[in-house]
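Novice: In terms of the working numbering, the sequence shown opens at residue 15 and continues consecutively. Every residue, glycine too, gets a C-beta built ideally from N, C-alpha and C. Once you've had a glance at the structure underneath, I'll fire off some questions.
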Amino acid sequence: MAEIEREAMEYDVVIVGAGPAGLSAAIRLKQLDADLNVVVLEKGSEVGAHILSGAVLDPCGLDALIPDWKEKGAPLNVPVHEDNFYMLGEAGKIRIPNAPMPPLMNNHGNYIVSMGNVCRWMAEQAEELGVEIFPGMACSELVYGDNGEVKGVVAGVFGLEPDGSYGPGTEPGMELHGKYVFLSEGVRGSLSKEVIAKYDLSAGKEPQKYGVGMKEIWEIDPAKHKEGTVTHTMGWPLGSNAGGGSFIYHLENNQVYVGFVVHLNYKNPHLYPYMEFQRFKHHPMVAELLKGGKRVAYGARAITEGGWQSMPKLVAPGVALLGCSAGMVNVPRIKGNHNAMLSGKAAAEAAYDAIKADRSGDELTAYETDVREGPIGSDLKKVRNVKPLWSKYGLTASLVLGGMDMWTNTLGFSLLGTLGHGKNDALSTEEASKHQPIDYPKPDGTLSFDRLTNVSFAMTNHEESQPCHLKLTDPDIPVKVNLPKFDEPAQRYCPAGVYEMVEDEEGPRFVINFQNCVHCKTCDIKDPSQNITWTTPQGGDGPNYPNM
15 MAEIEREAME
25 YDVVIVGAGP
35 AGLSAAIRLK
45 QLDADLNVVV
55 LEKGSEVGAH
65 ILSGAVLDPC
75 GLDALIPDWK
85 EKGAPLNVPV
95 HEDNFYMLGE
105 AGKIRIPNAP
115 MPPLMNNHGN
125 YIVSMGNVCR
135 WMAEQAEELG
145 VEIFPGMACS
155 ELVYGDNGEV
165 KGVVAGVFGL
175 EPDGSYGPGT
185 EPGMELHGKY
195 VFLSEGVRGS
205 LSKEVIAKYD
215 LSAGKEPQKY
225 GVGMKEIWEI
235 DPAKHKEGTV
245 THTMGWPLGS
255 NAGGGSFIYH
265 LENNQVYVGF
275 VVHLNYKNPH
285 LYPYMEFQRF
295 KHHPMVAELL
305 KGGKRVAYGA
315 RAITEGGWQS
325 MPKLVAPGVA
335 LLGCSAGMVN
345 VPRIKGNHNA
355 MLSGKAAAEA
365 AYDAIKADRS
375 GDELTAYETD
385 VREGPIGSDL
395 KKVRNVKPLW
405 SKYGLTASLV
415 LGGMDMWTNT
425 LGFSLLGTLG
435 HGKNDALSTE
445 EASKHQPIDY
455 PKPDGTLSFD
465 RLTNVSFAMT
475 NHEESQPCHL
485 KLTDPDIPVK
495 VNLPKFDEPA
505 QRYCPAGVYE
515 MVEDEEGPRF
525 VINFQNCVHC
535 KTCDIKDPSQ
545 NITWTTPQGG
555 DGPNYPNM
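Given below as structure tokens:
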């Protein structure tokens with residue numbers, strides 16, 4: 015089809031993504047003016063289906079947005095009452111005392127939550143205010159206006175032929191136009207990536223940094239369950255191989271979140287993040303907790319870790335980046351949901367003022383100012399040196415110098431200024447010949463599980479006749495470049511087993527099992543040749559997380 019004809023719908027604000035940032039923006043817009051036409055487009059099968067989070071929520075964002083959230087029944091039911099930090103060795107642990115830690119690291123006053131359920135509740139609040147929410151509607155393209163501004167998105171394309179062409183059964187989708195478009199896609203969103211590149215929004219900023227976070231929900235022995243307990247660990251099994259650590263959160267109903275984060279700037283291409291997570295569960299402290307329990311869910315996603323110095327310019331003509339689309343995670347706190355909510359609120363207020371002044375399609379500079387000079391900027395600036403210290407000098411330096419820097423920043427100054435990150439995570443990968451392969455224990459099927467079995471607990475599904483949404487710029491690179499130079503690390507860095515090397519009579523062949531994809535986007539970040547581009551599949555596909 016040379017020219018695709020689509021119907022168009024007009025809105026005041028079009029919001030891509032029904033996560034905490036997008037829903038906060040929608041709610042605030044309707045709070046400010048009930049007559050504004052606001053739509054939220056969500057690629058998941060339902061609101062919350064693609065939400066995976068560490069799930070200790072600082073309620074400051076919700077306090078600012080919906081002060082009476084308790085009376086309205088928000089699912090924040092488990093306040094944190096115990097906060098533990100451990101440094102792990104292979105067989106033992108050392109408790110890191112809470113007293114020397116900066117106040118911002120204290121979790122008291124926060125809540126252990128299912129962010130999927132929080133988003134479902136927020137969607138109910140938004141719909142009560144008159145927001146239109148369309149789940150199962152993936153946004154596959156941006157629509158540009160005559161002056162180069164973003165004026166909308168294409169959503170709801172279904173039934174493409176396997177090669178990506180339009181066939182007799184293809185539904186071409188619709189264009190949804192807005193005076194402003196908010197991108198709240200989460201980490202490494204495909205439209206956000208396009209906007210950042212088109213308008214050069216990262217100019218003068220440090221490269222964005224990432225981690226891959228994996229999480230399981232376990233039902234454990236009631237005698238071992240301590241509702242409201244938060245535990246974080248560092249050290250074993252990663253050691254000097256990579257930065258990262260774990261979290262264990264006791265929520266309701268004898269359930270615990272068991273999670274593991276690996277920073278994606280690791281050098282050794284033989285490193286296998288998923289198997290590091292599985293190995294972690296065999297530490298005596300963790301194994302004893304999980305003994306007699308059962309895993310009920312699994313998921314994975316990338317996490318933005320660059321912080322203050324990596325956050326791109328947030329606005330371009332007609333468009334704004336919200337939450338993790340811009341990278342607003344406070345890395346040492348392992349929290350970003352509060353900043354996502356605050357960013358949605360700030361973007362909504364800027365758009366409301368602009369629309370009230372009969373503006374459209376311009377840059378919402380007031381939003382940029384609010385983020386950088388308001389509570390989000392204050393939160394991120396205080397911790398801006400922890401990640402680069404960890405990356406350059408290791409865990410111990412990060413604990414000591416990073417802790418000192420957080421303390422001085424709490425008092426309003428930093429002796430270190432603002433440190434840089436250096437290379438992006440793809441370029442951090444070194445050639446396989448410089449590193450020894452890592453021998454990982456075979457999963458035992460009780461505490462640890464093979465990757466494909468665990469992926470079945472993410473309830474991920476993709477219609478198999480659609481085009482593969484994982485695009486190779488050059489299909490020869492995996493075999494001709496990545497395999498001889500890097501032992502093709504896609505086989506290992508993907509936490510869902512999407513990529514594999516298959517040996518045929520003609521030699522090795524790179525296979526993409528896109529049906530397994532849980533939309534973590536690690537491949538788009540870590541591929542050493544930067545040859546893989548994650549694009550959105552058709553709406554409703556992907557994971558269907560229960561209460562992650």
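(1) Please work out which residues of its chain come closer than 7 Å, Cβ to Cβ, to glycine 150, disregarding the five sequence neighbours upstream and downstream, and give them in chain order.
(2) Grab me the residues of proline 560's own chain with a C-beta within less than 6 Å of its C-beta, minus the 5 sequence neighbours each way, in chain order.
(3) Determine whether the beta carbon atoms of methionine 473 and isoleucine 231 lie at a separation below 8 Å.
(4) Below 8 Å on the Cβ atoms is my contact criterion, and I expect lysine 359 with arginine 42 to pass it. Report the Cβ-Cβ distance as a whole number of Å.
(5) Contact check, isoleucine 390 vs leucine 356 under 8 Å by CB: the rounded distance?
(6) Would you mind working out which of Leu118, Lys57, Tyr513 and Arg202 sits nearest leucine 394, comparing C-alpha positions?
(7) Mind checking who glutamate 189 pairs with in its DSSP beta bridge?
(8) Let me make sure I understand the geometry here. Which of Lys212, Val61, Ser67 and Thr422 has the alpha-carbon closest to that of glutamate 146?
(9) Candidates Leu336, Gly144, Ser128 and Val414: which alpha carbon is nearest isoleucine 29's?
(10) Locate the beta strand (DSSP E) running through aspartate 518, then write down its first and last residues.
(11) For glycine 556, count neighbouring Cβ atoms within 10 angstroms of its own Cβ and tell me buried if that reaches 16, exposed if not.
(12) Should the stretch 468-486 be regarded as contacting the stretch 405-417, the criterion being three or more beta carbon pairs within less than 8 Å?
(13) Does the beta-carbon of threonine 566 have 16 or more other beta-carbons within 10 angstroms, so that it is buried, or is it exposed?
(14) For the putative contact between methionine 325 and alanine 340, defined by C-beta atoms under 8 Å, what is the C-beta separation to the nearest angstrom?
(15) Excluding the 5 residues flanking glycine 173 on each side, which residues of the same chain have their C-beta closer than 6 Å to its C-beta?
(16) Buried or exposed: which applies to glutamate 387, given that a residue is buried once 16 or more other Cβ atoms fall within 10 Å of its Cβ?
(17) Extract the residue ranges of the alpha helix (DSSP H) inside the stretch 405-447, only unbroken runs of 4 or more that lie entirely within it.
(18) Can you tell me whether alanine 40 is helix, strand or coil according to DSSP?
(19) Please state if the CB of alanine 237 and the CB of valine 27 are separated by a distance shorter than 8 Å.
(20) Beta strand (DSSP E) containing threonine 318: first to last residue?
(21) With a cut-off of 8 Å on the beta carbons, I'd call serine 198 and glycine 307 a contact; round off their distance for me.
(22) Bridge partners of alanine 556, per DSSP?
(23) Let me confirm a value: arginine 506 is counted as buried when at least 16 other C-beta atoms fall within 10 Å, else exposed. Which label applies?
(24) Could you give the uninterrupted runs of the alpha helix (DSSP H) lying entirely in the stretch 200-236, keeping only those of 4 residues or more?
(25) Using a Cβ-Cβ cutoff of less than 6 Å, which residues in the same chain neighbour serine 570 once the five nearest sequence positions on both sides are dropped?
(26) Looking only at its own chain, which residues have a Cβ that is under 6 Å from the Cβ of valine 127, when we skip the five neighbours before and after it?
(27) Return helix, strand or coil for methionine 15, following the three-state DSSP convention.
(28) Report yes if the C-beta distance between methionine 188 and methionine 23 is below 8 Å; otherwise report no.
(29) Cutting at 8 Å between CB atoms, please list the residues of its own chain near proline 114, excluding the five before and the five after it.
(30) Would you list the one or two residues that DSSP bridges to methionine 101?
Specialist: For this structure:
(1) Ser59, Gly553 and Gly554
(2) Ala311
(3) no
(4) 5 Å
(5) 5 Å
(6) Leu118
(7) Ala22 and Val168
(8) Val61
(9) Leu336
(10) 513-518
(11) That one is buried.
(12) no
(13) It is not possible to answer for residue 566, since the shown part of the chain is limited to 15 through 562.
(14) 5 Å
(15) Gly183, Thr184 and Glu185
(16) exposed
(17) 417-424
(18) DSSP places alanine 40 in helix when its eight states are reduced to three.
(19) no
(20) 308-318
(21) With a Cβ gap of about 35 Å, serine 198 and glycine 307 do not count as contacting.
(22) A quick correction: the sequence has glycine, not alanine, at residue 556. Beta-bridge pairing links glycine 556 to Asn475.
(23) With 16 or more other Cβ atoms within 10 Å, it is buried.
(24) 204-212
(25) Coverage of the chain is limited to positions 15 through 562, which leaves residue 570 absent and any answer about it impossible.
(26) Ala69, Leu71 and Leu90
(27) With a pLDDT of 41 at methionine 15, under the threshold of 50, the modelled position of this residue cannot be trusted, and the question is left open.
(28) yes
(29) Gly417
(30) Ile108 and Met248
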